[in-house]
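Asker: Dropping the structure in here first, questions after.
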Amino acid sequence: MEFKVSLGPQHPALHEALSLRMTLEGEIIRDADLKLGYSHRGIEKLAEERTFTQNIYLTERICGICSHSHTTCFVQGVEQLMELIPARRGLYIRTLIAELERVHSHLLWLGVAGQEAGFESFFMYTWRDREVVMDILDWITGNRVHYAMNTFGGVRRDIDELQKKKILDSLDLLTKRTEYYLSIGANEPTFVNRLAGVGKLSREDAIALCAVGPTLRASGVPMDVRKDDPYAVYNEIPFEVCTADSCDVLGRTVVRVKELIQSYKMIEFLLKNLPDGPFKVKAPRKVKPNEVYSRYEAPRGENVHYIKSNGSDKPERLKVRAPTLANYPATIKMLKNGFIADIPLIFAAIDPCICCAERLVQLDNPGSGESKVLSFSQLRTMANDHYKKVNLMKKEAVWPF
Amino acid sequence: MIERLVHWSRVKSPWVLHLNAGGGCNGCDIEILAALMPRFDLERFGVLLKATPRHADVMICTGAVTLQNRDRVLRVYEQVPEPKFVVAAGACAMAGCVYRGAYHSLFGIDQVIPVNAYVPGCPFRPTALMDAVVKLLNSVK
Amino acid sequence: MNSEAIFEKINGEIKDKILEAAIAAPRRISVKVERGQLLSVLAYLKDQLQFTHLATISGVDLGENFEVIYHLSNDTTTILLRILTPRAEPKIPSVCQVIPGAILYERELQDMFGLLVENIPDPRRLLLCDDWPQGQYPLRKDWKFDRPAEIIPGGK
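So the protein lines, in turn, are chains A, B and C. Residues 119 to 519 in this note's numbering are what the first sequence spells out, letter by letter. Residues 23 to 163 in this note's numbering are what the second sequence spells out, letter by letter. Residues 5 to 160 in this note's numbering are what the third sequence spells out, letter by letter.
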């Protein structure tokens, strides 16, 4: 039966367009294939016509969830080109916003994972807690998304004592809520079993296919740009790289929850050790001809900017590689020999930065010739119905907290 | 009589389709979703998010349209039954935001389909979206 | 092994295969290679020095040549491995046998610059739309395009 699933670009939740063709045999996917291009905007060409300062605001809008990661990666690269040492307090504030962004992104992902697994109330709870972080960011930076805090030499705004106190109080609340979610995992074996065994990616495959971020760390590979190639002030903050060994969606959830807890500790350290002094230094306007390669650990993985300058105030070449693109070959590998019912979870598990995943699911079975069009929410309903029939208590999955 | 009932229910409880037209950063989409979460909660006003264009009254579009997505946006627009309203939400859908001049994206969504309301902001706050839908429905009455 | 030790090893063991190597910045080494030696140098870096992570492949339009840079990382250092290919005959070998994860980056190079990647397992278009005209490569410096003017509904 040939299933052609064609999903129009609407989805109850976000998502841009990514077309995915799969070859089926019964319920098992034998082959999968990608089609990108729905969200291609030509940013690299635009960046060559704008000055470096204008490019800060352009790179911010590459992605809506990890916008600070793109601007920081760009700004720290250009600071190296300018041979400029940024202000210490500015670096601390930059790192603080980076960790706050990681918290809000992982809470968002927990909600999406809950929705894909059929756990709607978990979705609502985590997004309500995410609003706490959004309020903090709104107060410090002026906007809920696209903070525009970075500038060459430091940050644009300072933090005062009242804001510091408020953040520390909110951290207590968030830590309590996150521990509550951990206990959900321990007390809801169906949730854990729904995630276990899905989307397996072995360690060798993860390294060979150049996966990044929690997808890689859930296969047991301790690769994290904050430890390997420290930028900003990460070489001064004590933290651990979080890994898991189960190589499946449960492992990715565990990695992200562990990272949440690490982030809370890091934010507390940053606030308590914030140095005094200026929060930015003056930057030159023109940049000598040189090139730089800047790396950053975004919530989804390794974010990479390659910038080349030619002596004027506009860049010669800006190359951006966002983390989700690096995880696509690994996703294709995970889909093969899996069930159709697992497609929503596998996609959600790599945390598609929405700038990369609308689901046009096209299923071909070369056996017969039938054609079926399923919307993504239909696919999700199908997946949840399938799993209602499976006895999830039979699986042996362990929630490690 | 039935007409008035239908009109009243359409105005009091609009069913909404959320369409992402392609080339945006998706920040606006997350704000639309945040508008349905327990903090802002649009659903208590009768607004229901539907997945299919055939059931929708109001279409909320975000994103600067890319060349690849142009035909699909048109097709979805044609599937929404009359009377329909289109809200261009966010600076990308209004005029292209930062991507003006890019080779793969058009300017705003009004290059492709007619628009009834514009919501400025990059991204707009969830409360701004509520304000836009309320103003739109008041103008219909 | 830190980056100085890696630099010494590269200068010692494969000196005859590379054109030039330099430490560009802390934890960054820049290595220049002939097009024909690319696969063997890449295999050496991957097997002997554990540079298994290919972050991305960048193309730069230098006028007479295209420069293609492979960004490889291990747990301490990043190597920028570069080759030049002339504009008149833009061909590069595919590295997917050595590093299977490079497939999407090579497809992107084909779309954006018009480079021909030899032996690529999957030569389809990646990013541009289906009715994008052939022969138009957006990231080349001499590529211009005419956008039709914006229609302002209800206005002038």
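Using N, Cα and C, we set each Cβ at its ideal position, and we do this for glycine too. Remember, predicted model here, so these are calculated numbers, not experimental data.
#1: Using a Cβ-Cβ distance under 8 angstroms, would Gln133/B count as near chain A?
#2: For Pro136/B, does the count of other Cβ atoms within 10 angstroms reach 16, so buried, or fall short, so exposed?
#3: Which bits of chain C does Asn431/A rub up against, with CB to CB less than 9 angstroms?
#4: Residues in the same chain with beta-carbon distance under 6 angstroms from Ile468/A, minus the five sequence neighbours each way, listed in chain order, please.
#5: Run through chain B and tell me which residues come within less than 8 angstroms of Phe203/C, C-beta to C-beta.
#6: Should Ile146/A be labelled buried (16 or more other beta-carbon atoms within 10 Å of its own) or exposed?
#7: Do Tyr121/B and Ala86/B have their beta-carbon atoms positioned less than 8 angstroms apart in this structure?
#8: Contact criterion: CB-CB distance below 8 angstroms. Does Tyr121/B meet it with respect to chain C?
#9: Quick one: grab the DSSP three-state call for Val359/A.
#10: Among Leu43/C, Pro142/C, Lys95/C and Asn69/C, which residue has its Cα nearest to the Cα of Gly101/C?
#11: Can you give, in chain order, each stretch of the beta strand (DSSP E) that sits fully within the stretch 369-440 of chain A and has at least 3 residues?
#12: Helix, strand or coil for Glu104/B, going by three-state DSSP, please let me know.
#13: So with Cβ pairs under 8 angstroms, would you call Val422/A a contact of chain C?
#14: Would you tell me roughly how many angstroms separate the C-alpha atoms of Arg168/A and Leu113/C, rounded to the nearest one?
#15: Using a Cβ-Cβ distance cut-off of 8 angstroms, determine whether Glu154/C contacts chain B.
#16: Can you check DSSP and say which residues form a bridge with Tyr352/A?
#17: For Phe240/A, which of helix, strand or coil comes out of DSSP?
#18: Which of the residues in the stretch 292-307 of chain A, read from start to end, lie with their CB under 7 angstroms from any CB of chain C?
#19: Check the Cβ of Val64/C against every Cβ in chain A and list those closer than 7 angstroms, keeping chain order.
#20: Considering only C-alpha positions, which residue in the set Ile458/A, Gln281/A, Leu463/A and Lys404/A is nearest to Leu523/A?
#21: Per DSSP, what kind of secondary structure is Ala205/A in: helix, strand or coil?
#22: At 9 angstroms on the CB atoms, spell out the chain C contacts of His126/B, in chain order.
#23: What number of angstroms, rounded off, separates the C-alpha of Lys153/A from the C-alpha of Leu130/C?
#24: Shortest alpha-carbon distance to Met81/B belongs to which of Gly68/B, Leu89/B and Val95/B?
#25: Residues of chain C with a CB under 7 angstroms from the CB of Leu89/B: which are they?
#26: So the alpha helix (DSSP H) Lys153/A belongs to, where does it begin and stop?
#27: For my contact list, Leu44/B and Asn91/B are in at a C-beta cut-off of 8 angstroms; report their separation, rounded to the angstrom.
#28: Helix, strand or coil for Glu93/C per DSSP?
#29: Any contact of the stretch 223-238 of chain A with the stretch 459-468 of chain A, i.e. 3+ C-beta pairs under 8 angstroms?
#30: Given a cut-off of 8 angstroms, decide if Ile87/C and Val37/C are closer than it, judged by their beta-carbon atoms.
#31: Taking the beta carbon of Ala59/C as the centre, do at least 16 other beta carbons fall within 10 Å, making it buried, or is it exposed?
#32: Measure how close the beta-carbons of Phe309/A and Ala401/A come, nearest whole angstrom, since I'm counting them as under 8 angstroms.
#33: Can you name, in chain order, every residue of its own chain whose Cβ lies under 7 angstroms from the Cβ of Arg403/A, other than the five neighbours on each side?
#34: State yes or no: is the beta carbon of Pro105/B nearer than 8 angstroms to at least one beta carbon in chain C?
#35: Would the beta-carbon of Pro36/B fall within 8 angstroms of that of Asp79/B?
#36: Contact criterion: CB-CB distance below 8 angstroms. Does Ala9/C meet it with respect to chain A?
Answerer: Reading from the atomic positions:
#1: no
#2: exposed
#3: In the sequence as presented, Asn is not what sits at residue 431/A; that position holds Asp. Under the 9 angstroms cutoff, chain C gives no residues; its nearest Cβ is about 18 angstroms from Asp431/A.
#4: Thr333, Asn445 and Thr449
#5: This structure cannot settle anything about residue 203/C, because the visible part of chain C is limited to 5 through 160.
#6: exposed
#7: yes
#8: no
#9: coil
#10: Note on residue identity: the sequence assigns Gln, not Gly, to residue 101/C. Of Leu43/C, Pro142/C, Lys95/C and Asn69/C, the residue nearest in Cα terms is Leu43/C.
#11: 408-416, 419-427 and 433-439
#12: coil
#13: yes
#14: 23 angstroms
#15: yes
#16: None; Tyr352/A has no bridge partner.
#17: helix
#18: none
#19: Lys426 and Arg435
#20: One cannot answer for residue 523/A here, as it falls past the ends of chain A, which runs 119 to 519.
#21: coil
#22: Leu131, Leu132, Cys133, Trp136 and Pro142
#23: 7 angstroms
#24: Val95/B
#25: Cys133
#26: No alpha helix (DSSP H) holds Lys153/A; the beta strand (DSSP E) holding it covers Ile146 to Lys153.
#27: Per the sequence presented here, residue 44/B reads as Gly, with Leu not at that position. Contact holds; Cβ gap of about 4 angstroms.
#28: coil
#29: yes
#30: yes
#31: buried
#32: The pair is not a contact, with the Cβ atoms about 49 angstroms apart (cut-off 8 angstroms).
#33: Asp431
#34: no
#35: yes
#36: no
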